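Just so you know, the numbering used here puts the end of the sequence shown at 825, numbered straight through with nothing missing.
Every residue gets a Cβ at the ideal spot worked out from N, C-alpha and C, and that includes glycine.
Since the model is a prediction, treat every value here as computed from it, not as a measurement.
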Amino acid sequence: MFMNPGLQGFGHPVSLDDILCTPLLASRKPSESSPALEAESFRRLARQLAHAPQELPQTVVEEALILCRVGSAGVSLLEPQPDGSVLFRWVAVAGQCAPLAGKSTPRDFSPCGACLDQNRPILFSLPARCFNYLAEAPAQIFEGLVLPLQADDRILGTIWIVAHDESRQFTSEDVRIMNGLADFASGALRLKLMSEEKAEVRRCHTETQQTLEEERRTFETALSNSPDFLYVFDLNGRFIYVNRALLELWQKSLDEALGKNFYDLSYPEDLANRLQRQIQMVIDTKEMVRDRTDFTSPSGETRHYEYIFVPVLDLDGTVEAVAGSTRDITQQKIAEDSISEDRQRWQALLAQTPAAIAILKGPNHTLSWVNTDFEVLVGRPANSLIGKPVLAAIPEAADQGLSVLLNGVYLTGIPFRVAQVLIRLGKEPKFLKDSYVNFAYLPTRDQQGVIDGIFVHATDVTEMVMARRQVEEREQQFRTLAESIPNLAWMARSDGHISWYNRRWYEYTAATPQAMEGWGWQAVHDPQILPTVMERWQESISSGLPFEMVFPIKGADGNFRDFLTRVEPVRDSQGSVVRWFGTNTDITEQRSIEQELRRINRELEEFAYVASHDLQEPLRMVNIYSHLLLEHVGVSDSKSEQFAGFIKTGVARMELLIRDLLTYSRTSQRNELPDATADLTDCLNETLLLLSSLIVENNAVIEFSELPTVRGDAGQLAHVFQNLFANSIKYRKTDVPPHITIWAEREEDNWKISVRDNGLGFEPRYAKKIFGLFQRLYSDEYPGTGLGLALCQRIIERYGGRIWAESEPGAGSTFCFLLPAEPAQ
Ligand code: ADP
């Protein structure tokens, strides 16, 4: 026997206190409620109550099984025994313990007894530890929740649920549901008791009256304790039942409420209209209505409610009444609002993201949200996309493999990413727009972790792809060009690693690309010169400055030829070097021509020197003997004097020419530079001394400020001043005395010396020409050889300087020369 009262006192290993754990109910997080499920239950129970109240206990425990999702549920009623003892009879049991229905347990040694003793819901953990007979239950009991059952003031027994699964832990939410069910069960049991009592009072005239009154009260008892508002309307939409909770909210008595509709109860008109319409809808359609509303109670507090109206059908399926239940969901609404706020915030963020984004839902990939960029990408407005399967909304995408891809992501949950894919999209099949897009398809999951959609993220990279193509095309053009030039050409990375050579390079060196890659070019260099090349190339790489050098490169025949190598950096928009482009130009021929030219020049100079030197002697002879001859002959006629004058002039000019030529030849460019320094003020003073008679004769004015000291030979630099001053006086205007001004200016690392006169001047186009050998603008009127300025240029250039002239006819001339400043200065 499962429950034999005789077993009372059977040894129990642990005490009742050990298995009681009621306080846990309050501390555990309440399980989630399901208003729809409860409303459904409520409807079934209401019907059961109306039609077969005696079977209600069984319905109640079955509902408990569903609502609480437990292993077993039961109703145990107190049953006095003939011997005066009392036990619990398990009148209704559902779930795994169902086979125990009809059995009994002792009043004073059972969880039910403990519950009645405490007269409140109690929670047991592993109750078999104390009540060892429970170990015989068909399934192990991990937790048990027991609630007292009472109608009016009569204690009837208990209602309970037990968990056969260790993970199922009861919470306050279970207590709430079970309280509701206990109300129903009590109501039903009271009815049952009444019907038993009915037989005895049948004889009474007030029988009907009483029963009705009792029924009403019972019904009310069943429903009034619920914290939810429970109510029933007749087919005219008038209240025929209102539970206590709702009456309290309204601050009305039952009598004030019964027979009234929402208008009568002064509900706001909008809300009353809606509620009355919905009641009528339930009556007409026999369909449940579920909705939400705000309601301000007479106390002035506004809260948010969810309500359900359900039809109550009779056995023929005709609507008898409409039952309603309303629950305060203010807390839930706040939570929902904050979720929806969150969602709005996310959507705003995604809407602004510079990428096309769409959210697809369900196995048909229905577009549930898109941002503006997505609208632009697919060429359609959001309202023609939302709510449609993506393949129907953007049919051209289906032909481009989208269907397979989306199904793959949806079924496998593996994200899919693809870069720079070409897609053709557009509303008009004839005018599809080509776009290059980076796509990411990511599965989205619901709260249970089940895939419920796909997040599509697309970035339009068309411009980038186009730009890259352009670069590639340009690079191709550049390579074609580089292949067509006769020079050796190559390209290196910013770090100097050479990645490409043109065909000419390989033809010349006969090397393989593998051997030349990177730094392999060193193999075709002269080992003697290579260290210098490396040093200078490394300097360029680290400074980013162009490289230029002449060095030999070994050809296929094993011989070295000289190449002028120029390397230019290629920079990006930020100015950083991204690569180097180098050319090697074979200058072997050019070099040998230059050498040959230099040799010939040298020979010419030597010849000029020797010639002018050797000519001096015979010329002196001509001069002396022509004098002697004239004296000796003693001719005094005018013709002879004229001829003698020609000889004199000719000899004088020749002497001048030879002297200048000799000076010029002596001023060799190849001479080593002197270490000496020259104070230009001294040079100038010396010149003035030398030219003093010329200056005095011409009334010339010379004006000068202090001049710097430079590196050079004082004698040669004085020669420059001498030539320039002499010219300024020689090419003077006849009506104005010569005025010469000399000054010095610092120009970066150089001194610029200027000599300005107020003489005849010349056409600017002759400014260069007059520095040439034997170049003269006024040949016969003025004595001269045309060598003076050539000599000046030679001297100045010898010291690393430069000389030039600026002039206008009639406006005087300015001769300027630059000389490197002494570093110390
Ligand atoms: P030369 O004076 O012996 O002819 P230069 O080489 O000194 O030779 O000068 C070349 C020519 O430049 C001169 O013949 C003259 O025509 C022109 N020239 C030089 N200096 C001046 C000057 N200060 N004013 C005008 N012309 C000048």
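- request: Figure out for me which residue from 297, 397 and 405 has the closest Cα to the Cα of residue 435.
  value: Closest option to residue 435, judged by alpha-carbon separation, among 297, 397 and 405: 397.
- prompt: By DSSP, does residue 563 sit in helix, in strand, or in coil?
  reply: Residue 563 falls in the strand class under three-state DSSP.
Status (buried if at least 16 other CB within 10 Å, exposed otherwise) for residue 178: It is buried - the Cβ of residue 178 has at least 16 other Cβ atoms within 10 Å.
field: Simplified DSSP assignment, three categories, for residue 906
entry: With the chain covering only 1 through 825, there is no way to say anything about residue 906.
- request: Confirm the yes/no value for this check: CB of residue 664, any heavy atom of the ligand ADP, distance under 7 Å.
  value: No.
message: the ligand ADP and residue 790: does the residue's C-beta get closer than 7 Å to at least one heavy atom of that ligand?
response: Yes, Cβ of residue 790 sits closer than 7 Å to a heavy atom of the ligand ADP.
- prompt: Roughly how many whole angstroms lie between the Cα atoms of residue 747 and residue 702?
  reply: Spanning the two alpha carbons is a distance of roughly 24 Å.
- prompt: If you check the beta carbons only, do residue 491 and residue 500 fall under 8 Å apart?
  reply: It is a contact, given that the beta carbons lie within the stated cut-off.
message: At a cut-off of 7 Å, would you count residue 835 as near the ligand ADP, judging by its Cβ distance to the nearest heavy atom?
response: The structure shown does not extend to residue 835, since the chain spans only 1 to 825, so no value can be given for it.
Residue 25 burial status per 10 Å Cβ neighbour count (16 or more: buried): Residue 25 counts as buried, since no fewer than 16 other beta carbons sit within 10 angstroms of its beta carbon.
query: Counting Cβ pairs, one atom from each stretch, are 3 or more of them under 8 Å apart for the region 452 to 459 and the region 356 to 375?
result: The way I'd put it, the region 452 to 459 does touch the region 356 to 375; three or more beta-carbon pairs between them come closer than 8 Å.
message: At a threshold of 7 Å, does residue 733 count as lining the ligand ADP (C-beta to nearest heavy atom)?
response: Flag unset: Cβ of residue 733 not near the ligand ADP.
query: Mind checking residue 759: buried by the 16 CB within 10 Å criterion, or exposed?
result: Buried, because 16 or more other Cβ atoms sit within 10 Å of the Cβ of residue 759.
query: residue 807: which of 238, 768, 546 and 773 sits nearest, CA to CA?
result: Minimum Cα distance to residue 807 is reached at 768.
- request: In the DSSP assignment, find the alpha helix (DSSP H) that holds residue 16 and state where it starts and stops.
  value: Run containing residue 16: 16 to 19, per the alpha helix (DSSP H) assignment.
query: So which of 96, 324, 286 and 190 has the shortest CA-CA distance to residue 316?
result: For residue 316, the nearest C-alpha among the options comes from 286.
- prompt: When DSSP builds the beta bridges, which residues end up paired with residue 157?
  reply: For residue 157, the beta-bridge partners assigned by DSSP are 77 and 149.
message: Going by beta-carbon coordinates alone, are residue 265 and residue 254 separated by less than 8 Å?
response: In this structure, residue 254 does not lie closer than 8 Å to residue 265 by Cβ.
message: Check whether the region 237 to 247 and the region 334 to 345 are in contact - that is, three or more C-beta pairs closer than 8 Å.
response: Between the region 237 to 247 and the region 334 to 345 there are fewer than three inter-stretch CB-CB distances shorter than 8 Å, so the stretches are not counted as touching.
query: What are the partner residues of residue 549, as DSSP defines its beta bridges?
result: Answer is 565.
query: Quick one: what does DSSP say residue 762 is sitting in, helix, strand or coil?
result: Judged by DSSP in its simplified three-state form, residue 762 adopts coil rather than helix or strand.
message: Measuring only the C-alpha atoms, how far is residue 9 from residue 86?
response: Low confidence applies here, because residue 9 scores a pLDDT of 40, under 50, leaving its location unreliable; read the following figure in that light. Looking at the two C-alpha atoms, the distance is approximately 15 Å.
query: Should residue 537 go down as buried or exposed, given a rule of 16 or more other Cβ atoms within 10 Å for buried?
result: Under this definition residue 537 is a buried residue.
- request: Check whether the Cβ atoms of residue 294 and residue 278 lie closer than 8 Å to each other.
  value: Taking 8 Å as the Cβ cut-off, residue 294 and residue 278 do not qualify as a contacting pair.
Pair within 8 Å by beta-carbon distance, residue 372 and residue 351: Against a cut-off of 8 Å, the Cβ pair of residue 351 and residue 372 comes out as a contact.
message: I need the straight-line Cα distance from residue 161 to residue 121, nearest angstrom please.
response: Here the alpha carbon of residue 161 sits roughly 11 Å from the alpha carbon of residue 121.
Residues near residue 422 by beta carbon distance below 7 Å, same chain, minus five either side: Scanning its chain for C-beta atoms nearer than 7 Å, with the 5 sequence neighbours on each side dropped, one finds around residue 422 the residues 434 and 436, in chain order.
task: Consult DSSP for residue 407 and reduce its assignment to one of helix, strand or coil.
output: Helix at residue 407.
- request: Name the residue from 559, 595 and 534 whose alpha carbon lies nearest to the alpha carbon of residue 549.
  value: Ranked by Cα distance from residue 549, the first of 559, 595 and 534 is 534.
message: Along the chain, where does the alpha helix (DSSP H) containing residue 491 start, and where does it finish?
response: DSSP places residue 491 in no alpha helix (DSSP H) but in the uninterrupted beta strand (DSSP E) bounded by 488 to 493.
query: Does the beta-carbon of residue 625 have 16 or more other beta-carbons within 10 angstroms, so that it is buried, or is it exposed?
result: Taking a 10 Å sphere around the C-beta of residue 625, we find fewer than 16 other C-beta atoms and assign the residue as exposed.
query: Hey, would you say residue 181 sits closer than 8 Å to residue 60, going by beta carbons?
result: Less than 8 Å divides the Cβ of residue 181 from the Cβ of residue 60.
query: Thinking C-alpha only, which one of 678, 81, 522 and 111 is nearest residue 124?
result: Selected option, being the one with the closest Cα: 111.
query: Which first and last residues belong to the alpha helix (DSSP H) in which residue 683 is found?
result: 680 to 690 is the span of the alpha helix (DSSP H), which, as asked, contains residue 683.
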